[in-house]
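Only one structure is covered here, and it is reproduced in the block below.
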Amino acid sequence: MVDWARIRDSSFDVDRVPVLLARLERRDDADAWQELGWRLVLEGDLVFPAGFAALPRLVRLAPRSVQARALAGRILERAAGHHGCDDLLADCAGTIAELGETLDRHLRSRPTDYLVSFRALLAVVQEYHWANALEGFTDDIYELECPHCAAGMKIAVGRFGCYSQVWDGDEELRRELRPAVAEELTGTGRWMYRTAVRDGQKALADGIAHLFGEAECPVCASVFNIADEYTHANRPAAFIDRVPSSAQDTGAGASPSHPAGGVGTGPYAAPGTKPRRQGP
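Under my numbering, the first residue of the sequence shown carries the number 12, and numbering increases by one thereafter.
What follows is the structure, encoded as structure tokens:
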């Protein structure tokens, strides 16, 4: 049982969140969802103790509520931050596992909120940097440095092309990306790709293949793995094991973005922050 008298929200109130949750358990209420959202999570990385305390009740609503799934995902996407709520987060291990199962079932139905739920599932399995960065590959931009010459570049994956880009004064230098071969993907990349293919999300699967493929530096012509470099630069410095992952990578070996042994076990196949540019 949650002692709400000790759990503060973004306004440092202790009584409003349980009232809102009780209202939403009785009926759907757009105004209540809006207020609950900003009381639990503020823009950027800020998640409050009430967010983790509210997770069990949000997860109970998740099978039938797009708002509950989105809000639970937003909370977990910020779980790697410095929120000072490790004890509350640890208490949610079973709830997080349940959310993972709910999201996996939901994704199989090919819902309209697929991307939001996919990102939430990435947060469930502690792939926080991908949960916060993935935007569906309509026009995704990832910034990183060449691991060989340190040139700053942008990696574009979307309808306007898939390429690495560097500006040299007024001159644009581009190189086409080299998508990964599906059969050669491992770890996180394989799970993400196979889930998208399973659920008929062709654009998402194609984007993942490019994201976990290779880029050529337009400056020094070296070739490197995009996902490895983005993970190295953006994964939380201390990969937290505060909460056992609810999923297991069933593939052989490991990938640099998901070391072997970094996950727990669970009933569905999955692997084990940089804030994304906009909310779900």
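We put the CB at the ideal spot given by N, CA and C, even for glycine. Computed from a predicted model, the values in this text were never measured in an experiment.
Delimiting residues of the beta strand (DSSP E) encompassing Val208: Within the sequence shown, residue 208 is the residue found at index 197, counting from 1. Per DSSP, Val208 belongs to no beta strand (DSSP E); it is in the alpha helix (DSSP H), Gly198 to Arg209.
Buried versus exposed call for Gly290 [16 or more other C-beta atoms within 10 Å across all chains shown]: Start at 1 with the first residue of the sequence shown, and residue 290 comes out as number 279. Caution applies to Gly290, whose pLDDT of 34 falls short of 50 and renders its modelled position unreliable; the value that the coordinates give is listed next. Exposed: under 16 other Cβ atoms inside 10 Å.
Nearest residue (CA-CA) to Pro29, options Trp49, Ala41 and Ala65: By 1-based counting over the sequence shown, the position of residue 29 is 18. Measuring from the Cα of Pro29, the nearest candidate turns out to be Ala65.
Any non-hydrogen atom of the ligand PLP within 7 Å of Leu66 CB: With respect to the ligand PLP, the structure shown offers nothing to examine, as it has no ligands at all.
Chain-order list of residues whose beta-carbon lies under 7 Å from that of Gly147 (same chain, five-residue window excluded): Position 136 of the sequence shown, counted from the first residue, corresponds to residue 147. Counting only Cβ-Cβ distances below 7 Å, and skipping sequence neighbours, we find Leu126 and Leu215.
Length of the line joining the Cα atoms of Leu51 and Phe63: For the purposes of this step, residue 51 is identified with residue 40 of the sequence shown, where counting begins at 1. For the purposes of this step, residue 63 is identified with residue 52 of the sequence shown, where counting begins at 1. For Leu51 and Phe63, the distance between alpha carbons rounds to 8 Å.
Segments of 4+ residues assigned as alpha helix (DSSP H) that fall wholly inside the segment 29-103: The segment 29-103 is shown to contain whole alpha helix (DSSP H) runs of 4 or more residues at 41-51, 60-72, 77-88 and 97-102, in chain order.
Rounded Cβ spacing between Asp150 and Arg170 (contact assumed at less than 8 Å): For the purposes of this step, residue 150 is taken as residue 139 along the sequence shown, with counting starting at 1. For the purposes of this step, residue 170 is taken as residue 159 along the sequence shown, with counting starting at 1. With a Cβ gap of about 6 Å, Asp150 and Arg170 count as contacting.
According to DSSP, residues forming a beta bridge with Glu138: Your numbering for residue 138 matches position 127 in the sequence shown. When DSSP reads this structure, Glu138 sits in no beta bridge, so it has no partner.
Same chain, Cβ closer than 6 Å to Gly163, neighbours up to 5 away in sequence not counted: Position 152 of the sequence shown, counted from the first residue, corresponds to residue 163. Contacts found: Glu156.
Nearest neighbour of Ala41, chosen from Ala61, Val13, Asp14 and Ser76 [CA to CA]: What you label residue 41 is simply residue 30 of the sequence shown in a count that begins at 1. Its Cα nearest to that of Ala41, the residue Ser76 stands out among Ala61, Val13, Asp14 and Ser76.
Given Leu53 as reference, the closest of Phe23, Glu36, Asp39 and Leu110 once Cα atoms are compared: The residue given as residue 53 occupies position 42 in the sequence shown. Per the Cα distances, Phe23.
Alpha-carbon spacing of Arg10 relative to Met203, whole angstroms: Examination of residue 10 is not possible in this model, given that the chain is present from 12 through 291 alone.
Euclidean distance between Cα positions of Gln259 and Asp179: On the sequence shown, residue 259 is found 248 positions in, with the first residue counted as 1. On the sequence shown, residue 179 is found 168 positions in, with the first residue counted as 1. With a pLDDT of only 37 at Gln259, under 50, the local geometry of the prediction cannot be trusted, and the value read off the model is given with reservation. Straight-line Cα distance between these residues: approximately 44 Å.
Coarse secondary structure for Asp26, derived from DSSP in three states: As a working note, residue 26 is residue 15 in the sequence shown. Correct three-state label for Asp26: coil.
Local Cβ density within 10 Å of Val234, reported as buried at 16 or more and exposed below that: Within the sequence shown, residue 234 is the residue found at index 223, counting from 1. Flag for Val234 reads exposed.
Straight-line Cα distance separating Ala226 from Gly211: Locating residue 211 in the sequence shown gives position 200, counting from the first residue. Locating residue 226 in the sequence shown gives position 215, counting from the first residue. Straight-line Cα distance between these residues: approximately 26 Å.
7 Å CB neighbourhood of Pro158 in its chain, flanking five on each side removed: What you label residue 158 is simply residue 147 of the sequence shown in a count that begins at 1. If we look at Pro158 and ignore the five residues flanking it on each side, its Cβ neighbours are Phe235 and Glu240.
Separation of Ala61 from Asp14, as counted between CA atoms: By one-based count along the sequence shown, residue 14 stands at place 3. By one-based count along the sequence shown, residue 61 stands at place 50. Whole-angstrom Cα-Cα distance: 10 Å.
Per DSSP, cross-strand counterpart(s) of Gln174: Working through the sequence shown from its first residue, we reach residue 174 at position 163. As written in the sequence, residue 174 is Tyr, which differs from the Gln given in the question. According to DSSP, which records beta bridges pairwise, Tyr174 is partnered with Ala167 and Glu187.
Neighbour-count burial assignment, Arg246, 16 or more Cβ in a 10 Å radius: On the sequence shown, position 235 is the one that residue 246 refers to. So Arg246 counts as buried.
C-alpha distance - Leu110 paired with Val230, whole-angstrom precision: Here the question's residue 110 lines up with position 99 in the sequence shown. Here the question's residue 230 lines up with position 219 in the sequence shown. About 44 Å.
DSSP state of Phe129 mapped onto helix, strand, coil: Working through the sequence shown from its first residue, we reach residue 129 at position 118. Of the three classes helix, strand and coil, the one that applies to Phe129 here is helix, per DSSP.
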